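Colleague: Please find one structure pasted underneath; my questions will follow.
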Ligand code: ATP
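Numbering (the working numbering), first residue to last: 16 to 373.
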């Protein structure tokens, strides 16, 4: 029986609540499919920083990086800022430390979930570049003044090549389950030098992957098409901040952040967390929708299963996805989806859907 070491960082706000749901679902999957996840839980959070000044360090990340994957709730509270005045979150540090170059955000229209655009079908994967782009200057030693502050957008050929190779691989993998196999670059090469390079490298990588269709739009026009004609997108790839915004538009199209999972990956490391933040406005009320976190946990199993060629994990991930889809279709639904079910009620429903499919 395979054993995997999983780091768990519940974080702030609703993070611990939805992580608890995901762990219950993973517990049921372990029983059914016969694999073992050994957890090491870390208390890094904005709340811990507020109380003690303790932040995640490079040594912590070296230790955590020895595990097979990281399951991350959400970190950051609006009133907790670091020395530079930025909101505190370990995500950005982990992206830099493990060189997690891509954030994968699958977005799917689920039956029974009200969607904003009355589309027939939405099934896209937004891949956001996460190691450079508009956040490249985050670790610069600059000193903004009250009169002027600067951010930096930098894109390198090396990162683009890896990012686009991943995008074409993902399109190919998705095509096996019926998606068209198309990669679309959203960019702004008419105004940003970094995006001129990005577009050039995209064209080069597309020319080496002609079995997969490719297309490009300026980010502004592409954002409009995502709303007016989302069916034309399969895999979308974009720069860091454009990808951040694009993935939230995509999440909004299919029912909001409560159903949008995400993963930050490199070839060796993976951090799996919902697209949403710590949602302090609903923390402690039992209203958090655990779906995005549960789907992120399923992404973790699928990613690990494919990396370690362990089909059992991939099967477990499919079963969790199917159980979640069933609950979304039939209810109970949480408040963000128009229902009144609590986090626990949604979690229990996913657990019983998983049990009844066994
Ligand atoms: P961050 O910048 O950390 O990503 P954010 O500012 O985008 O955070 P979120 O914490 O994601 O904000 O919350 C945005 C809104 O969505 C809030 O009103 C929050 O209550 C709601 N929300 C987020 N996640 C969930 C969830 N899992 N269930 C229900 N509502 C949610």
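All C-beta atoms in this analysis are idealised placements derived from N, C-alpha and C, irrespective of residue type, glycine included.
For clarity, every value in this text was computed on a predicted model and none was experimentally measured.
Under three-state DSSP, which class holds residue 228?
Modeller: Note: residue 228 maps to strand in three-state DSSP.
Colleague: Decide if residue 225 is buried, meaning its Cβ has at least 16 other Cβ atoms within 10 Å, or exposed.
Modeller: Exposed, by the Cβ-count rule.
Colleague: Leaving out five residues before and five after residue 377 in sequence, what residues of the same chain have Cβ atoms less than 7 Å from its Cβ?
Modeller: No information on residue 377 is available, as it lies outside the stretch 16 to 373 that the chain covers here.
Colleague: State yes or no: is the C-beta of residue 153 within less than 7 Å of the C-beta of residue 287?
Modeller: For residue 153 and residue 287, no; Cβs fall outside 7 Å.
Colleague: For residue 93, tell me which candidate among 55, 65 and 76 has the shortest Cα-Cα distance.
Modeller: Answer by Cα proximity: 65.
Colleague: In chain order, what residues of the same chain have a beta carbon less than 7 Å from the beta carbon of residue 292, not counting five sequence neighbours either side?
Modeller: Cβ neighbours of residue 292 beyond the five flanking positions: 89 and 91.
Colleague: I need the residues with a C-beta less than 5 Å from some heavy atom of ligand 1; please give them in chain order.
Modeller: Answer in sequence order: 91, 272, 273, 291, 292, 294, 296, 297, 303, 304 and 351.
Colleague: Taking the CB atoms as reference points, tell me whether residue 128 and residue 200 lie closer together than 7 Å.
Modeller: No.
Colleague: Are the CB atoms of residue 279 and residue 120 within a distance shorter than 7 Å?
Modeller: No. Outside cutoff.
Colleague: With three or more beta-carbon pairs closer than 8 Å as the criterion, would you say the region 146-160 touches the region 182-199?
Modeller: Contact between the region 146-160 and the region 182-199 is absent, because fewer than three Cβ pairs lie under 8 Å.
Colleague: Quick check on the burial criterion: 16 or more other C-beta atoms within 10 angstroms. Buried or exposed for residue 348?
Modeller: Its Cβ being crowded by 16 or more others within 10 Å, residue 348 is buried.
Colleague: Return the first residue and the last residue of the beta strand (DSSP E) that residue 121 is part of.
Modeller: Element bounds for residue 121: 117-123.
Colleague: With DSSP run on the structure shown, which of helix, strand or coil describes residue 355?
Modeller: The answer is coil: DSSP assigns residue 355 none of H, G, I, E or B.
Colleague: Helix, strand or coil for residue 349 per DSSP?
Modeller: Note: residue 349 maps to strand in three-state DSSP.
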